[in-house]
Amino acid sequence: MKQSTLQETKSKVLIIEDEGDMCLLLNILLDGKELDLDHVKSLASAEEYLLEGKPDVVILDNKLPDGFGVDFISQIKSKNPSVKIIMISGYDGSAKDVALENGADYFLEKPFTKDQLYQAIKNLIAAG
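When we follow the numbering used here, the leftmost residue of the sequence shown carries the number 20, and every step to the right adds one.
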């Protein structure tokens with residue numbers, strides 16, 4: 020009997036966010052969108068995850084307990100050049116410029132809408 024390939028068609032999204040409420044919100048916003056969601060709460064955990072996990076998209080917060088997401092972008096890209104990175108941050112206008120210069124594919128300023136988030140993911144996955 021042939022097994023279903025539904026799991027294979029889902030795009031994998033890694034959320035790197037330390038605030039529990041924001042992780043929950045991101046999961047709710049993306050629920051039912053045919054995405055395979057994983058999340059970690061620190062850059063160290065993300066580094067460990069990326070040794071074996073191969074996400075299609077990374078949603079990366081800037082302020083994390085062990086550093087800044089903008090400084091981690093180049094590390095993600097050097098080990099996983101095809102991964103697409105969406106940087107999320109609050110009121111820090113300079114973070115957008117630095118994130119994009121460091122290799123982020125997209126920047127979302129908090130607060131953002133469900134549609135903005137999903138559209139960014141969809142566009143990045145379609146761009147391959």
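C-beta atoms are modelled at their ideal positions from N, C-alpha and C, and glycine is treated no differently.
key: First through last residue of the alpha helix (DSSP H) which encompasses phenylalanine 126   = Per DSSP, phenylalanine 126 belongs to no alpha helix (DSSP H); it is in the beta strand (DSSP E), 125-128.
message = Excluding the 5 residues flanking lysine 98 on each side, which residues of the same chain have their C-beta closer than 7 Å to its C-beta?
response = Leu69
ask   = Among Leu119, Val59, Ala63, which has the Cα closest to the Cα of glycine 86?
value = Ala63
Cβ-Cβ separation, asparagine 81 to serine 108 (assumed contact under 8 Å), whole Å = 4 Å
task = For lysine 103, count neighbouring Cβ atoms within 10 angstroms of its own Cβ and tell me buried if that reaches 16, exposed if not.
result = buried
query = At what residues does the beta strand (DSSP E) containing lysine 31 begin and finish?
reply = 30-35
ask   = serine 108 bridges to which residues according to DSSP?
value = Glu128
query = Applying the criterion that 16 or more other CB atoms from any shown protein chain within 10 Å of the CB defines a buried residue, is aspartate 57 buried or exposed?
reply = exposed
query = Does the beta-carbon distance from valine 59 to isoleucine 35 come in below 7 Å?
reply = yes
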